[in-house]
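Chemist: For the sequence shown, numbering that gives the first Met the number 0 assigns the number 0 to the initial residue and increments by one for each residue that follows.
The beta-carbon is built from N, C-alpha and C at its ideal position, and this holds for glycine as well.
Encoded as structure tokens, here's the structure I'll be asking about.
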Amino acid sequence: MAIPEPTSELWLRAKAMGATWPLSNEETAHALADSWRRTGAEYGKAAEHSLNSVNADWPDAAGTVFTGLVRHHLQRAATTGTDMGELARRADVFANEVATAKDAIVKLLDANAERYAGITGIGEDLRRNAFAQQLAGEVNRLVSDAAGRITGGPALGGPPSPPPGGSPQDVHTWWLSLGDGDRSRLVAEDPDLIRNLDGVPATARDLANRNVLERELAALRAERGELAELITRYPDLTSSQDMRMMQLDKQIAALESLRGKTTEQGYYLLGLDTAGDGKAIVAYGNPDEAANVATFVPGVGASLSTIDGELNRATTLADGAGGIKEGRVAVIAWVGYDTPDNIASALSPTYAADAGVALDRFHDGLRVTAHGAHLSAVGHSYGSTTIAHAAQAHSLAADDLVLVSSPGAWTQHVSDLRLDGVNPEDVGSRVHATTAPSDAIDEWSNFEVPKYEPSTQDPDPPTVDPILGRDPTNPLYGARVFESSPGWKNSQGVAPDPHMAPLERDHPAVDEIGEIINGNR
Numbered sequence: 000m001a002i003p004e005p006t007s008e009l010w011l012r013a014k015a016m017g018a019t020w021p022l023s024n025e026e027t028a029h030a031l032a033d034s035w036r037r038t039g040a041e042y043g044k045a046a047e048h049s050l051n052s053v054n055a056d057w058p059d060a061a062g063t064v065f066t067g068l069v070r071h072h073l074q075r076a077a078t079t080g081t082d083m084g085e086l087a088r089r090a091d092v093f094a095n096e097v098a099t100a101k102d103a104i105v106k107l108l109d110a111n112a113e114r115y116a117g118i119t120g121i122g123e124d125l126r127r128n129a130f131a132q133q134l135a136g137e138v139n140r141l142v143s144d145a146a147g148r149i150t151g152g153p154a155l156g157g158p159p160s161p162p163p164g165g166s167p168q169d170v171h172t173w174w175l176s177l178g179d180g181d182r183s184r185l186v187a188e189d190p191d192l193i194r195n196l197d198g199v200p201a202t203a204r205d206l207a208n209r210n211v212l213e214r215e216l217a218a219l220r221a222e223r224g225e226l227a228e229l230i231t232r233y234p235d236l237t238s239s240q241d242m243r244m245m246q247l248d249k250q251i252a253a254l255e256s257l258r259g260k261t262t263e264q265g266y267y268l269l270g271l272d273t274a275g276d277g278k279a280i281v282a283y284g285n286p287d288e289a290a291n292v293a294t295f296v297p298g299v300g301a302s303l304s305t306i307d308g309e310l311n312r313a314t315t316l317a318d319g320a321g322g323i324k325e326g327r328v329a330v331i332a333w334v335g336y337d338t339p340d341n342i343a344s345a346l347s348p349t350y351a352a353d354a355g356v357a358l359d360r361f362h363d364g365l366r367v368t369a370h371g372a373h374l375s376a377v378g379h380s381y382g383s384t385t386i387a388h389a390a391q392a393h394s395l396a397a398d399d400l401v402l403v404s405s406p407g408a409w410t411q412h413v414s415d416l417r418l419d420g421v422n423p424e425d426v427g428s429r430v431h432a433t434t435a436p437s438d439a440i441d442e443w444s445n446f447e448v449p450k451y452e453p454s455t456q457d458p459d460p461p462t463v464d465p466i467l468g469r470d471p472t473n474p475l476y477g478a479r480v481f482e483s484s485p486g487w488k489n490s491q492g493v494a495p496d497p498h499m500a501p502l503e504r505d506h507p508a509v510d511e512i513g514e515i516i517n518g519n520r
């Protein structure tokens with residue numbers, strides 16, 4: 000029997016002051032829960048129906064189509080059964096909360112009845128109203144708390160969504176709160192929600208991105224087909240169509256290559272975006288299990304189309320640090336930003352500034368999913384400027400930075416950089432830099448001008464690099480500098496471009512970067 004509403008004078012006065020009595024009937028809610036629970040069980044039984052006899056008796060093409068249709072509806076029945084069971088559970092929760100709230104109100108009235116009756120004499124009516132008003136506030140708090148507990152559950156038909164605008168730590172906490180079934184459902188049915196979400200583990204991001212890989216590949220192929228038809232019909236179109244065609248061919252080739260790089264081979268697809276020049280984030284080695292994790296950030300011209308080359312360099316760095324076996328190392332090719340298209344564009348700090356937020360968030364995600372790993376960020380060329388900006392503007396979650404062939408470290412001195420978990424006075428020993436002596440970038444990365452106009456009091460003022468910050472190999476910057484061997488030749492006896500040489504396999508700089516990645520410097 001449902002708990003009846005009180006009829007005492009105290010309750011009537013409190014109600015007149017705004018107190019509310021829950022109108023729902025808890026017994027009816029319990030009965031409804033029982034009904035939904037039985038219905039859900041029937042759906043569950045239907046979902047267990049075997050199709051073996053249908054397959055045996057109707058094995059032709061029509062039977063196959065019919066079986067597929069039935070299987071689809073049986074799967075829907077299973078989902079409906081689960082949802083009905085959840086509805087029943089929530090109806091019981093609702094009924095219990097209603098009963099608890101009603102019981103609490105009755106006990107509150109009983110506990111205060113004697114005090115209320117004792118209010119007599121001068122101003123009795125006003126004093127009783129004040130007492131009832133205070134009681135009404137307490138009653139409404141009880142009802143409000145119960146309502147909050149009732150409405151706090153996840154939406155039916157799917158797992159709860161990640162916290163909007165939450166940090167990678169918030170996202171990771173949300174992910175850990177999910178059951179295995181909810182995680183699997185998100186990966187399979189809503190991959191776009193989690194595939195690029197920092198704070199979600201690498202294995203789940205990889206599966207989610209691979210689930211959309213074919214879709215993205217089909218979309219690029221469809222666009223290419225439409226563009227090819229347009230070019231055939233209108234051969235005098237502008238060169239922008241030809242450029243887009245070449246870009247599509249490269250992006251299609253890149254996705255086909257990524258499709259062939261599996262987790263069994265040690266590759267994890269952590270991010271994918273085919274819009275514009277495209278972006279991709281690919282790990283060599285599992286960053287959630289490796290003891291040492293590095294993010295490799297390339298520079299000018301890097302995009303989805305060039306991900307194979309960036310991943311080759313990431314692989315070289317991983318091998319230089321001892322390889323990915325036994326969870327020792329993981330190196331991530333991070334093309335997660337819009338890079339400058341050419342050298343002229345690289346004179347702008349805008350690309351690095353825009354990328355800094357994304358890189359900072361990505362590393363915050365690594366910090367919570369990599370479980371205490373030593374984290375490094377290795378930037379090449381403009382990528383080094385990007386890393387330095389993230390460290391200056393956002394305090395990058397990294398234990399070491401490596402700036403290779405840098406056009407500028409965004410700042411004028413290493414003390415302007417901040418690394419989460421590293422004492423400010425130790426940052427100088429955790430920022431490492433190298434540039435080959437014959438690298439052409441050395442000619443314009445040391446563009447020093449006076450910080451202010453010379454005067455008779457100070458005829459030789461300090462200098463600054465006003466474009467992309469000071470060259471980190473400049474002694475004035477204060478970083479730890481290591482050598483990139485001049486005139487180095489690869490195993491074929493060829494001396495590569497000095498700007499790229501420090502990332503070539505077997506180059507001495509790769510060994511030094513490997514030591515940094517392993518936390519040995």
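Can you give the Cα-Cα distance for I440 and E514, rounded to whole angstroms?
Modeler: Taking the straight line joining both Cα atoms gives about 25 Å.
Chemist: Do D287 and P200 have their C-beta atoms closer together than 9 Å?
Modeler: Contact: yes.
Chemist: Would you report the Cα separation of A397 and N24, rounded to the nearest angstrom?
Modeler: So the alpha carbons of these two residues sit roughly 57 Å apart.
Chemist: Would you please state the rounded distance, in angstroms, between the beta carbons of V328 and A343? I believe it to be under 8 Å.
Modeler: The Cβ separation is near 36 Å, so there is no contact.
Chemist: Where does the unbroken beta strand (DSSP E) through H393 begin, and where does it stop?
Modeler: Careful: H393 lies outside any beta strand (DSSP E), inside the alpha helix (DSSP H) at Y381 to H393.
Chemist: Can you find at least 3 beta carbon pairs, one from the region 111–125 and one from the region 33–45, that sit closer than 8 Å?
Modeler: Contact fails: fewer than three Cβ-Cβ distances are below 8 Å.
Chemist: Around the C-beta of Y350, are 16 or more other C-beta atoms found within 10 angstroms, so that it is buried, or is it exposed?
Modeler: Flag for Y350 reads buried.
Chemist: Tell me which residue opens and which closes the alpha helix (DSSP H) that G171 is part of.
Modeler: In the sequence under discussion, the amino acid at residue 171 is His, which differs from the Gly named in the question. Per DSSP, H171 belongs to the alpha helix (DSSP H) from P167 to S176.
Chemist: Please state whether the Cβ-Cβ distance between D505 and S490 is less than 9 Å.
Modeler: The answer is yes: Cβ separation under 9 Å.
Chemist: Where does W20 fall in DSSP's three states?
Modeler: Coil, per DSSP.
Chemist: Using the beta-carbon count (16 or more within 10 Å), is L185 buried or exposed?
Modeler: Classification of L185: buried, given that the 10 Å Cβ count is 16 or more.
Chemist: Tell me which residue opens and which closes the alpha helix (DSSP H) that W10 is part of.
Modeler: Counting along the chain, the alpha helix (DSSP H) containing W10 begins and ends at E8 to A15.
Chemist: Verify whether the separation of the beta carbon atoms of T385 and G298 is less than 9 Å.
Modeler: In this structure, G298 lies closer than 9 Å to T385 by Cβ.
Chemist: Can you find the residues in the same chain that come closer than 7 Å, C-beta to C-beta, to Y115, ignoring five residues on each side of it along the sequence?
Modeler: The answer, listed in chain order, is L9, R127 and F130.
Chemist: Is the Cβ-Cβ distance between D438 and H370 less than 9 Å?
Modeler: Not closer than 9 Å, so no.
Chemist: So is Y283 buried or exposed if we call it buried at 16+ other beta carbons inside 10 Å?
Modeler: Buried: at least 16 other Cβ atoms inside 10 Å.
Chemist: Might you give, ordered along the chain, the residues of its own chain that have their beta carbon closer than 7 Å to the beta carbon of S166, omitting 5 neighbours on each side?
Modeler: Excluding positions up to five away in sequence, the list reads D363.
Chemist: Look up I280 in the DSSP assignment and give the residues it is bridged to.
Modeler: Beta-bridge pairing links I280 to G270 and W333.
Chemist: In three-state terms, what does DSSP make of L467?
Modeler: Coil at L467, not helix or strand.
Chemist: Evaluate G477 with the Cβ neighbour count: other Cβ atoms within 10 Å of its Cβ, from every protein chain shown; 16 or more gives buried, anything less gives exposed.
Modeler: Classification of G477: buried, given that the 10 Å Cβ count is 16 or more.
Chemist: Since I believe D205 is in contact with T262 (beta carbons under 8 Å), could you give me their beta-carbon distance rounded to a whole number of angstroms?
Modeler: 6 Å between Cβ atoms; contact.
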